[in-house]
Each structure stands twice: as C-alpha cells, then as structure tokens.
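A.B. asks:
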Amino acid sequence: MNPLFRKPRTISNKNRTIILYSSIVPRMTEEQRLNRRRTVTDATIRLIVRDGVAQVAMSDIITESGLSAGAIYSHFESKDEILASVVERALTVVTAKVHALTQRHALPNPKVVVDSLVPELGTPDDAKALVQIWGHMATEPQLAPLVTDHVASLQESLRHYATAWLTENGVADETSHALLGELFMALGQARVVQCSFSPPFESPRFLDAIDALCAAFVLTHSKTTRPDTNQEAPIGERS
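Start counting at 1 in the sequence shown, then tack on 11, and there's your number in my numbering.
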C-alpha cells in the first residue's frame, strides 16, 4: 500500500459497497513552516513596493508567491494577518540586532543602534514596504494588537541599551534611561521613514545629529547625578 494513504475504509449496504481512501498529509517541520511563511511575506513586500499596500489582494499574493490558495490559507487567514507578519518579522530582526549591539564589549554609539532599526528582510525596499504598512495600520486599528508584543520587545531592548550607554556615561537615573529608550524608538521610526525616500530626504547628517542629541541629553541629565564640572565628555563629543 502507498505509505501516503491510510488503510481504506469500507461502507456496505444492501445495494452497494463503497471503499473510502484518505490521504496522509506529510507534517511540515518547523523550518519548512517558517520558510513557507517567509515565501508569502517576501511576495507581499514586493507587491507593496510595486503596487501600494491598498492595491494588494490575496489573489495577488497567491500569484506572486507561486503557492496555492490552500497553502497560503493554511498559514494566514487574511491579508491583515500577512501584513502583521511582515511587521512582526521586521521587529524581530531589529530587536535581535539591538540586543547583539548591547552585548558588545565596546558599546556602540547611539547612531549605530538607531541605524540598526532599519529592517533588512532580504529585499532592497524593506523600509518602503514597512512605512506603507504603518500607514495602513493607522486606518485599520485591528492590526495593532497583532504586533503589540513585538513592539514591547523592541522597546525593552532599546531601554536596555539606553541604560547601558547612559550608565557608561555616568547617568544612573532610571527615569532618564526610560526617556532615552523612548527617544531611540522615535528616532528609529524617523530613520525608517527617511530611508524609504530618495534624497534630499535621506540625509547622512541625520545619524551624526543623533550622537550630538544624545551627548546633549547626557549633559542635561547628569547635572543631578554627576555635578563635577571636570567630568569626562560623553561619548559622541570625544575627539
């Protein structure tokens, strides 16, 4: 008997006998499942960049991905779920990058961390797709709960970096740590928006301005914790 089919089941009555065959669907491994989801999200990103998020329909995603409707609907119930998956994937990638930077022996400057918040999902226009999805989420509030946990994880990673960087620069106040973490989140969003446009919007001086802003933040918030006027200049001001 073919191993992909279960043992046939026989149903009989006075007039006829029916033999029922049912197939066994091979179970996907976790790696196969993730690869299948990535195929769908990659196709969706390409469509968003090419046609705009509002123009993308499930039928377009099916065609672009090269998968059957059944294959896609076994992983996603709707277009909204696919869009949320794109955002989740972007947030997971950048959260891991921030965590890795925070673990470095030589802590990088803030501009390096903010620049790491630009998603790299394997296509050259990831930022453009992400900004369009953000705009879509503004009018589709049901999407927000789907990514809440991932946003919280990124915020926590940024707070950990802010705590490490400020502590290294002599600012021990926990409120200051939380404030700078929130500032990094906002600057990261600004950086993603910048990278989704062509010059003159995408300015290389933006990153240098981040280090200058953070140096000023240290000077302002160290007045109560580090009154010594002969203290060493914060990272970002050192020559």
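Note that CB positions come from ideal geometry on N, CA and C, so glycine has one too.
Only a predicted model underlies this, so the values are computations on that prediction, with no experimental measurement involved.
Is the separation between the beta-carbon of methionine 196 and that of leucine 169 shorter than 8 Å?
C.D. replies: Here the question's residue 196 lines up with position 185 in the sequence shown. Here the question's residue 169 lines up with position 158 in the sequence shown. Yes. Within cutoff.
A.B. asks: Along the chain, where does the alpha helix (DSSP H) containing proline 121 start, and where does it finish?
C.D. replies: In the sequence shown, the residue the question calls residue 121 occupies position 110. Its alpha helix (DSSP H) spans residues 121–126.
A.B. asks: What three-state label does DSSP hand arginine 48 in the structure shown?
C.D. replies: By one-based count along the sequence shown, residue 48 stands at place 37. Looking at arginine 48 - three-state DSSP - the assignment turns out to be helix.
A.B. asks: Which class does methionine 39 belong to by DSSP, given the choice of helix, strand or coil?
C.D. replies: Position 28 of the sequence shown, counted from the first residue, corresponds to residue 39. Here methionine 39 sits in coil by DSSP.
A.B. asks: Would you mind sorting threonine 231 into buried or exposed? The rule is 16 or more other CB atoms within 10 Å of its CB.
C.D. replies: Mapped onto the sequence shown, residue 231 falls at position 220. With fewer than 16 Cβ atoms within 10 Å of its Cβ, threonine 231 is classed as exposed.
A.B. asks: Indicate whether leucine 165 and leucine 112 have their beta-carbon atoms separated by less than 8 Å.
C.D. replies: By 1-based counting over the sequence shown, the position of residue 165 is 154. By 1-based counting over the sequence shown, the position of residue 112 is 101. Their beta carbons are not under 8 Å apart, which means leucine 165 does not touch leucine 112 by this criterion.
A.B. asks: Hey, is the stretch 181–190 in contact with the stretch 113–124, meaning 3+ C-beta pairs nearer than 8 Å?
C.D. replies: At 8 Å Cβ cutoff, the stretches do not touch.
A.B. asks: Do you know how far the Cα of leucine 190 is from the Cα of leucine 218?
C.D. replies: If you number the sequence shown from 1, residue 218 lands on position 207. If you number the sequence shown from 1, residue 190 lands on position 179. Straight-line Cα distance between these residues: approximately 19 Å.
A.B. asks: Buried or exposed, going by whether 16 or more other CB atoms sit within 10 Å of the CB of arginine 202?
C.D. replies: The residue you call residue 202 lines up with position 191 of the sequence shown. By the 10 Å Cβ count, arginine 202 comes out buried.
A.B. asks: Please report the Cβ distance between serine 233 and glycine 181, rounded to the nearest whole angstrom; I am assuming they are in contact, meaning their Cβ atoms lie under 8 Å.
C.D. replies: For this step, residue 233 is matched to residue 222 along the sequence shown. For this step, residue 181 is matched to residue 170 along the sequence shown. Contact flag correct, Cβ pair sits at about 6 Å.
A.B. asks: Around the Cβ of alanine 155, are there at least 16 other Cβ atoms within 10 angstroms (buried) or fewer (exposed)?
C.D. replies: For this step, residue 155 is matched to residue 144 along the sequence shown. By the neighbour-count rule (16 or more Cβ atoms within 10 Å), alanine 155 is not buried but exposed.
A.B. asks: By the DSSP assignment, the alpha helix (DSSP H) with histidine 232 in it spans what residues?
C.D. replies: Sequence index remark: in the sequence shown, residue 232 carries index 221 (1-based). It spans 216–232 - the alpha helix (DSSP H) in which histidine 232 sits, taken as one unbroken run.
A.B. asks: Would you kindly check if the distance between the Cβ of threonine 55 and the Cβ of isoleucine 72 is under 8 Å?
C.D. replies: To locate residue 72, count along the sequence shown from 1; it is residue 61. To locate residue 55, count along the sequence shown from 1; it is residue 44. Going by C-beta atoms, isoleucine 72 is nearer than 8 Å to threonine 55.
A.B. asks: Classify glutamate 151 as helix, strand or coil using the three-state DSSP reduction.
C.D. replies: Against the sequence shown, residue 151 aligns to sequence position 140. Coil at glutamate 151, not helix or strand.
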